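For reference, the structure is listed below as structure tokens.
Below, the structure is given as structure tokens:
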């Protein structure tokens, strides 16, 4: 019989921790929550202080029975769920189910699953923090009051299966509002003038700056002609040279939000995938002789704080690997936002000495890629700033001024390990200028005016949406990925070229909620609710008061919506073809996995089929079929012949209509980090990459 029982959420975590604690400890997994609000009813008594009605989750009976048996045999039970609000709530539910005194030292928390961290945490167990529990309960009850009241309305007025959530509705609104901005955007014309200049044998580029030393915007071709008419010949004089040294600091170690953003930019990972892989790295990986070890710290955090032990270890590592001049003792940090909890450390490797190369044999490809990203970001955050030499040169011809700028890395600093990505995917490169001095003469080789038009704001990518939600204070680290997943599953938004676009259904639902429940969609109101939940966690507010304040106003909106909300009929969109079984028209319908085609003669005819997306290219193999877009089981897009299985042609790269000018074979679009490159599948023909 074990003296002590430790309960965690997952079997992977249980296995790792049991090995660290030794024979006196038995570690079991609760497999997440054991109690929750019932699915079949509201489960919240609004007449009696919003008392929640918790029941054992269906299917968790055997798990709970096993835990009860083990608890009765143990001298003491420790509850070691995740170190956040939800983890505290799981521990509280377990304490209730297993008759554990919540005021006893039964709660154990740790930020990383390593031997030292686990042993240290068991030296300082504490009672369950009811402020944390109440904050989580309040969130759960708030979401239940919203979802279980508005969703049935939407079922009656629009269609079955719809839902409305507090945070998800705001996310949909942001996507719809951005689409409206794009639709209403009026482009404005502007011009730039690029110049190519020569000094001796060296050629460099510069851009038109202005007239008579004043910055001048060019908004029409006439203004361009007017500016250029003031020049005489091709000779330019160097009017001024400014040389500066600029320091560039590393980005801080990852928070949940910045990890999701950077994994999207650099690894092309969806938020859901990033969090799944991070969970695996946190819970532990079998390293062979070393056993199972947690490789990163807890991955739901909005803090950039680093522990002193971790700072010391990584500083020694940097000093040994790169030299003492690359070290610094203060980690890169960002200004803490008002909604940041700072409850945990940043996401970092549990040991900087465990570099990605050493884990190549034990991690899957995607696990390794994410670990490498986390490791590099953390190490770089503790490295010295990069030092850049910059140079700015003004070139004049009569009244016309061009400006050339250049920069080069003087000292790489953190850039030796890692450079943060950006949303446009462009990398910062050295731009060299000749050694120019005031009064030098240079010759313009080419002056090229270019017409441009201002662009509408871009649609949200997952990374950009998460970043914006964080900036506005909507949601918390644990909610970003589930929110993005839910709004897609409900069919409210879709992805086009990895950017969110609202569906007709999403716009209809949003319009109804906007009309009858404006607070739910108000960004400031949603951010305030998050702040109120934080106040409950800090012990400054009672959860019942916060819920009551919200519900009294919400209830009035609900009564009005019940009476006045009109039914909306969503007509099926014609698919442009007839059913091959009964001859009736096929229509597009929305299902749980997206759009599909179905017979309009339903329920008499139940014919359905997937939507086939042709790309306008004949099959190069059988020459009879057409190339269509398909999806693998892992949702990765590939291209195949519509005559499959008769023809087995397939390509991961998108074929294009024109043939190779060199050998007449098929050309494809190859996705590169720098953009898309068109290349031949048969010979060495390649075109310049396009952004």
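Residue numbers (UniProt numbering): 1 to 691. Yeah, the Cβ is synthetic: ideal placement off N, Cα and C, and Gly gets one too. It should be emphasised that the depicted structure is a prediction, and the values quoted were computed from it without experimental measurement.
| query | result |
| --- | --- |
| Let me know if residue 506 comes out buried or exposed under the rule of 16 or more other beta-carbons within 10 Å of its beta-carbon. | buried |
| Report, in whole angstroms, the separation of the C-beta atoms of residue 451 and residue 155, which I expect to be a contact under 8 angstroms. | At roughly 52 angstroms, the Cβ-Cβ gap does not stay under 8 angstroms, so residue 451 and residue 155 are not in contact. |
| According to the Cβ coordinates, are residue 457 and residue 182 closer than 8 angstroms? | yes |
| Give the straight-line distance between the Cα atoms of residue 342 and residue 260, rounded to the nearest whole angstrom. | Any answer about residue 342 is weak, because its pLDDT of 45 lies below 50 and its placement is not dependable; what the coordinates show is given next. If I take the Cα positions, the gap works out to 18 angstroms. |
| Quick check on the DSSP output: the beta strand (DSSP E) that includes residue 78 runs from which residue to which? | 76-79 |
| Taking DSSP as the reference, what is the three-state secondary structure of residue 452? | strand |
| Within 10 angstroms of the Cβ of residue 121, are there 16 or more other Cβ atoms? Answer buried if so, exposed if not. | buried |
| DSSP puts residue 254 in a beta bridge; with which residues? | 347 |
| Output the distance between the C-alpha atoms of residue 233 and residue 199, rounded to the nearest integer angstrom. | 16 angstroms |
| Report the CB separation of residue 206 from residue 403 in whole angstroms; it is logged as a contact under 8 angstroms. | 6 angstroms |
| Can you find at least 3 beta carbon pairs, one from the stretch 26-36 and one from the stretch 87-94, that sit closer than 8 angstroms? | yes |
| Note down, in chain order, each residue of its chain lying with its Cβ closer than 7 angstroms to the Cβ of residue 355, except the 5 sequence neighbours on either side. | 375 |
| Would you identify the three-state DSSP class for residue 191, choosing helix, strand or coil? | strand |
| Which complete beta strand (DSSP E) runs does the stretch 356-416 hold, if anything under 3 residues is left out? | 386-397, 400-411 |
| If distances are taken between C-alpha atoms only, which option among 463, 300, 611, 532 comes closest to residue 476? | 300 |
| Pick helix, strand or coil for residue 335, following the three-state DSSP scheme. | With a pLDDT of 48 at residue 335, under the threshold of 50, the modelled position of that residue is not reliable, and the figure given next carries that caveat. Three-state DSSP puts residue 335 in coil, outside helix and strand. |
| Once the 5 residues before and after residue 488 are set aside, which same chain residues still bring their CB inside 6 angstroms of it? | none |
| From what residue to what residue does the beta strand (DSSP E) around residue 244 run? | 235-248 |
| What does residue 51 pair with, by DSSP beta-bridge criteria? | 45 |
| Label residue 178 either buried or exposed according to how many other C-beta atoms from any shown protein chain fall within 10 Å of its C-beta, with 16 as the threshold for buried. | buried |
| Just reading off the alpha helix (DSSP H) that residue 627 is part of, what are its end residues? | Run containing residue 627: none in the alpha helix (DSSP H); it sits in the beta strand (DSSP E), 626-631. |
| Taking 6 angstroms as the limit between beta carbons, can you name the residues of its chain near residue 685, skipping five residues before and five after? | 660, 662 |
| Give the single residue among 561, 623, 324, 124 whose Cα lies nearest to the Cα of residue 385. | 324 |
| Can the beta-carbon of residue 25 be found closer than 8 angstroms to that of residue 119? | no |
| Using a threshold of 8 angstroms, state whether the C-beta atoms of residue 317 and residue 416 are closer than that. | no |
| Report the three-state DSSP secondary structure of residue 230 (helix, strand or coil). | coil |
| Thinking residue 82 and residue 298 are a contact (beta carbons under 8 angstroms), I'd like their distance in whole angstroms, please. | 7 angstroms |
| With a threshold of 6 angstroms on Cβ separation, who are the neighbours of residue 146 within its own chain once the five nearest residues in sequence on each side are excluded? | 166 |
| Determine, using beta-carbon pairs with one atom in the stretch 129-149 and one in the stretch 71-81, whether at least three such pairs fall under 8 angstroms. | no |
| Could you tell me the alpha carbon to alpha carbon distance between residue 664 and residue 263, rounded to whole angstroms? | 39 angstroms |
| Return the CA-CA distance between residue 162 and residue 433, expressed in angstroms with no decimal places. | 60 angstroms |
| Expressed to the nearest angstrom, what Euclidean distance is found between the alpha-carbon atoms of residue 75 and residue 538? | 32 angstroms |
| Can you tell me whether residue 558 is helix, strand or coil according to DSSP? | helix |
| How do the stretch 595-609 and the stretch 538-558 stand: do at least 3 beta-carbon pairs fall below 8 angstroms, yes or no? | no |
| Compare the beta carbon distance of residue 393 and residue 241 with 8 angstroms and say whether it is the shorter of the two. | yes |
| Taking the CB atoms as reference points, tell me whether residue 102 and residue 127 lie closer together than 8 angstroms. | yes |
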